[in-house]
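Peer 1: Here it is: the structure, laid out below.
Chains as they are written, first to last, in our numbering: chain R, -4 to 338; chain L, -4 to 338.
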């Protein structure tokens, strides 16, 4: 903990209310550390931040071509979506192409993360299916992969299933960290998740940013996924979500992906940089704020409304009155921190 | 930050995923510190943890008697409720007794925090009113107070309104900390909130626990509020909420109240102790976990299913599979930490 640094703070009427600590690292594909702060060595669970890496086999194994997956589907395979109608439609279409329906998904079911979509579903007397699970696009991709490689789809979430073995090998190759039983746990959507150093996560996304350090087929897959994500930012998250708002404004120069428990990755293709952030307490809001600051700084963007908003986000009460702000630490933002919150 | 201590951690397959740091203090009404860890001196915003203190004037000024408020209403005045039908009914009844309806409330409107209640509302085509605001019981109490003391109810949330002046004086007296413009901010429900040291918050609730150090009328009011809360734990929060679950099992021996941004207070009347916890990052889950540990330790309770659950709370994925746990730090729990999580 003492190795960690201040990522972001909330203030109320100028008085600090809450403080988030953690680590952040920016790397290039050759393993050079461009910036590091906090404990970047202790393994962390990257959670949903590795989705774009988990999607590489969709392309390298030929599943995307076999099922003629459109870019929106490739983006949804990399997404933690909010269960909005557009997301459900694409996830459902992915499964239809394989001849399956949502009954094949083993990710579990929850109400849409988007409150409006949940209320709309309830208003029409419906209940959610596994398609509404924020990981349904990724899981639909696993089904496409299983069908392409001739595997039985049953129990595709288990570590011993060939689909998960392919995922594990891919993650191991791209991050350079062994993915074994020793560092394996179970993710929110039932598939394995492996704890790796934050530095390895940043390195993997530096490789993803440029293709450098990847095999030719994976480099080509990374290019195609970057393009799919950049042209479908809504698919990656949804209404009012950080990833979507940032990429709607800044893709393809900037790609981002949040993960549960305060993890965030950023891809800067023009600079060939990968970035990874872990808010130690699991606070997603702080990971977003820190990411905005480091994007501004390392992509040298000082005129982005979205970045400005997330670097100094106004906090409002139930009457819509601004009562404070969530602000990136000056250690991270340096002179890119806006002088005032943008209300 | 370096003064703070580990409150709670989440683990996934035994590997630490997230860590929460903060401060906790246990005091008696004479100002003796029974336990302290972390920075208990820097002012923090107590948020909703002071609701029982804000309710004292309801009794001392005669509003509860004038409007014959039942214990459920007194409890709701101290609550951050989830907007469930039972809460709405009591809040509505409080206002009816004054001749007003929800239109008088200035707390703002939001959908019920309880997801089932939100979906039920949406399913019947309704939208929420200010009654669904988690603070509507407290605000209904303010209306009762304004009517009793002959004040115009308009703008009752403003610092200069006589009702808020009464609240400020009460908080200042009971905590022993000046409540001025300098430490005042605006709370989520639009009324003032004042930053005070965590130690002052614990001291105030030690006084509330026993009446010691309070004027006779406030001591009597505290006794009546403790009884009202203890006999209505559902009113204080709602379905599956920490405060409700703990008090359904342990009241009147243990009273608890959460506040936004990771604050928690505990009242132990038998021991005459007050306790206050601030999770520095604002994490409510960690404040709950830490509170469970300190309750077990300082009330010497080693056979409570609710405390055991919250000291080592299993974390499940969307399939209901246990994938990790949220565990109190051993610094806080010591030998009261259960050997295994209770699944």
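Using N, Cα and C, we set each Cβ at its ideal position, and we do this for glycine too. All values derive from a computational prediction rather than experimental measurement.
Residues in the segment 82 to 116 of chain L with C-beta within 9 Å of chain R's C-beta atoms, listed in sequence order?
Peer 2: 101, 102, 103, 104, 105, 106, 110, 113, 114, 115 and 116
Peer 1: Please check if any C-beta of chain B sits within less than 8 Å of the C-beta of residue 305(R).
Peer 2: Absent here is chain B; the protein component of the structure consists of chains R and L.
Peer 1: So, does the CB of residue 13(L) fall closer than 8 Å to a CB anywhere in chain R?
Peer 2: yes
Peer 1: Counting only Cβ pairs nearer than 8 Å, list the residues of chain L close to residue 185(R).
Peer 2: 312, 313, 314 and 316
Peer 1: Have a look at residue 72(L) and residue 58(L) and give me their C-alpha separation to the nearest angstrom.
Peer 2: 12 Å
Peer 1: Determine the DSSP secondary structure at residue 31(R), reduced to helix, strand or coil.
Peer 2: strand
Peer 1: Give a yes or no on whether the C-beta atoms belonging to residue 380(R) and residue 89(R) are separated by under 8 Å.
Peer 2: The requested residue 380(R) is not part of the displayed model; chain R covers only -4 to 338.
Peer 1: Using a Cβ cut-off of 8 Å (strictly closer), state whether residue 278(R) contacts chain L.
Peer 2: yes
Peer 1: Which of the three DSSP states, helix, strand or coil, is assigned to residue 301(R)?
Peer 2: helix
Peer 1: Who are residue 23(L)'s beta bridge partners in DSSP?
Peer 2: According to DSSP, residue 23(L) bridges with 268(L).
Peer 1: What do you get for residue 210(L), buried or exposed, if any count of 16 or more other CB atoms within 10 angstroms of its CB means buried?
Peer 2: exposed
Peer 1: Give the range of the beta strand (DSSP E) segment to which residue 283(L) is assigned.
Peer 2: Taken as a continuous stretch (DSSP letters only), residue 283(L) belongs to no beta strand (DSSP E), being part of the alpha helix (DSSP H) at 279 to 293.
Peer 1: Identify, in the order they occur along the chain, each residue of the same chain with its Cβ nearer than 6 Å to the Cβ of residue 283(L), setting aside the five sequence neighbours on each side.
Peer 2: 237 and 305
Peer 1: Assuming residue 321(R) contacts residue 3(R) under a Cβ cut-off of 8 Å, what Cβ separation, rounded to an integer in Å, is found between them?
Peer 2: For residue 321(R) against residue 3(R), the beta-carbon gap comes to about 6 Å, under 8 Å, which counts as contact.
Peer 1: Check whether chain R comes within 8 Å of residue 322(L), counting only Cβ atoms and requiring the distance to be less than that.
Peer 2: no
Peer 1: To the nearest angstrom, how far is the alpha carbon of residue 144(R) from that of residue 254(L)?
Peer 2: The straight-line gap from Cα to Cα measures roughly 52 Å.
Peer 1: Could you tell me how far apart the beta carbons of residue 277(L) and residue 13(R) are, in whole angstroms, since I believe they sit closer than 8 Å?
Peer 2: 4 Å
Peer 1: Does the distance from the CB of residue 32(L) to the CB of residue 302(L) come in under 8 Å?
Peer 2: no
Peer 1: I'd like the list of long-range same chain contacts for residue 194(L), defined as Cβ closer than 6 Å, with 5 residues on each side in sequence excluded.
Peer 2: Answer for residue 194(L): 20 and 35, listed in chain order.
Peer 1: Report yes if the C-beta distance between residue 53(L) and residue 132(L) is below 8 Å; otherwise report no.
Peer 2: no
Peer 1: Whose C-beta lies closer than 7 Å to the C-beta of residue 279(L) among residues of the same chain, with five residues either side of it excluded?
Peer 2: 253 and 257, listed in sequence order.
Peer 1: Got a sec? Which residues, its chain only, sit under 7 Å from residue 55(R) by beta carbon, not counting five neighbours each side?
Peer 2: 212, 213 and 216
Peer 1: Please go through the same chain and pick out, in chain order, the residues whose beta-carbon is closer than 6 Å to the beta-carbon of residue 291(L), but skip the five residues on each side of it.
Peer 2: The beta carbon of residue 291(L) lies closer than 6 Å to those of 302 and 331 in the same chain, with the five residues before and after it left out.
Peer 1: Below 8 Å on the Cβ atoms is my contact criterion, and I expect residue 239(L) with residue 247(L) to pass it. Report the Cβ-Cβ distance as a whole number of Å.
Peer 2: About 14 Å; that fails the 8 Å criterion.
Peer 1: Tell me whether the segment 93 to 105 of chain R and the segment 184 to 203 of chain R touch, counting them as touching only if at least three CB pairs, one residue from each stretch, are closer than 8 Å.
Peer 2: yes
Peer 1: In whole angstroms, give me the CA-to-CA distance for residue 8(L) and residue 151(R).
Peer 2: C-alpha separation (whole angstroms): 20 Å.
Peer 1: Do we get a CB-CB distance below 8 Å when we pair residue 179(R) with the residues of chain L?
Peer 2: yes
Peer 1: What first and last residue would you give for the alpha helix (DSSP H) that runs through residue 228(L)?
Peer 2: Note, residue 228(L): alpha helix (DSSP H), 228 to 231.
Peer 1: Can you tell me the Cα-Cα spacing of residue 78(R) and residue 315(L), whole angstroms?
Peer 2: 19 Å
Peer 1: Measuring straight from C-alpha to C-alpha, what distance separates residue 27(R) and residue 274(R)?
Peer 2: 22 Å
Peer 1: Report the rounded CA-to-CA distance for residue 126(L) versus residue 121(R), giving the unit in angstroms.
Peer 2: Cα to Cα, residue 126(L) sits roughly 26 Å from residue 121(R).
Peer 1: Are the beta-carbon atoms belonging to residue 165(R) and residue 48(R) less than 8 Å from one another?
Peer 2: yes
Peer 1: Quick check on DSSP: helix, strand or coil for residue 10(L)?
Peer 2: strand
Peer 1: Counting only beta-carbon separations shorter than 8 Å, does residue 132(R) have a partner in chain L?
Peer 2: no
Peer 1: Can you check DSSP and say which residues form a bridge with residue 274(L)?
Peer 2: 17(L)
Peer 1: Tell me which same chain residues have a C-beta within less than 7 Å of the C-beta of residue 171(L), skipping the five on either side of it?
Peer 2: So the list reads 195 and 198, once near-sequence residues are dropped.
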